[in-house]
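**Student:** Okay, so the sequence shown: first residue is 1 according to UniProt numbering, each after it adds one. C-beta atoms are modelled at their ideal positions from N, C-alpha and C, and glycine is treated no differently. Being a predicted model, the structure only gives us computed values, none of them experimental. Before I ask anything, here is the structure I am working with.
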Amino acid sequence: MIYVSNLSRPSNLKLVAKQYKISLNKLEKHLSSDYKADPHYRFCKGNHMESHLYEGIQPGEFYDKLENILESQKSGYKVSIALGYDLVSKTDDFDTRYFHPNLANTYVFSSPVAINSRADIRKKVISEI
Numbered sequence: 001m002i003y004v005s006n007l008s009r010p011s012n013l014k015l016v017a018k019q020y021k022i023s024l025n026k027l028e029k030h031l032s033s034d035y036k037a038d039p040h041y042r043f044c045k046g047n048h049m050e051s052h053l054y055e056g057i058q059p060g061e062f063y064d065k066l067e068n069i070l071e072s073q074k075s076g077y078k079v080s081i082a083l084g085y086d087l088v089s090k091t092d093d094f095d096t097r098y099f100h101p102n103l104a105n106t107y108v109f110s111s112p113v114a115i116n117s118r119a120d121i122r123k124k125v126i127s128e129i
């Protein structure tokens with residue numbers, strides 16, 4: 001089963017805040033208020049995945065999130081990172097287009113990166129961002 005977080009529901013926001021041991025205010029600060037899920041997400045049996053959107057997150061904060069996941073798991077995990085962005089017109093600052101994070105064309109890594117220790121987070125993920 002692939003799980004994509006629906007963070008528009010208050011109950012899901014509370015669960016995510018509890019998982020990452022952060023306040024609801026801090027979580028909401030890093031989530032886009034006008035985020036719309038990519039319509040190409042699909043569900044498959046056998047896999048477990050969570051998808052979260054963070055805006056303006058610093059490498060240190062991202063490291064903490066990856067470390068919290070590692071501590072909560074009995075084994076390692078894999079991470080994929082995709083970037084979303086606003087494209088702003090050179091002639092009109094109000095003319096923008098939002099591009100969803102998409103592993104097909106805005107990925108950071110060409111394949112998921114295995115995280116088995118804190119050192120992996122520093123070497124394989126944070127150093128590449």
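(1) Classify Val16 as helix, strand or coil using the three-state DSSP reduction.
(2) Tell me the DSSP secondary structure of Leu53 in three-state form.
(3) Under 6 Å Cβ to Cβ from Leu66, same chain only, skipping five residues before and after it: list those, please.
(4) If we ignore side chains and look at the alpha-carbon of each, how far apart do Ser23 and Ser110 end up?
(5) Would the beta-carbon of Tyr107 fall within 9 Å of that of Ile81?
(6) Between the beta-carbon of Ile115 and the beta-carbon of Lys74, is there less than 9 Å?
(7) In terms of alpha-carbon separation, which member of Lys124, Arg118 and Ser127 lies closest to Asp64?
(8) Closer than 8 Å by C-beta to Ile129: which residues in its own chain qualify, once you throw out the five before and the five after it? Chain order, please.
(9) Is DSSP giving Ala119 helix, strand or coil here?
(10) Looking only at its own chain, which residues have a Cβ that is under 6 Å from the Cβ of Lys124, when we skip the five neighbours before and after it?
(11) DSSP state of Phe62, grouped into three classes?
**Tutor:** In terms of the structure at hand:
(1) If DSSP states are grouped into helix, strand and coil, Val16 belongs with the helices.
(2) coil
(3) Ile121
(4) 33 Å
(5) yes
(6) no
(7) When each option's Cα is compared against that of Asp64, the closest is Arg118.
(8) Pro59, Phe62, Ile81 and Val108
(9) helix
(10) Only Val113 meet the Cβ criterion.
(11) In the three-state reduction of the DSSP assignment, Phe62 falls in the helix class, which pools H, G and I.
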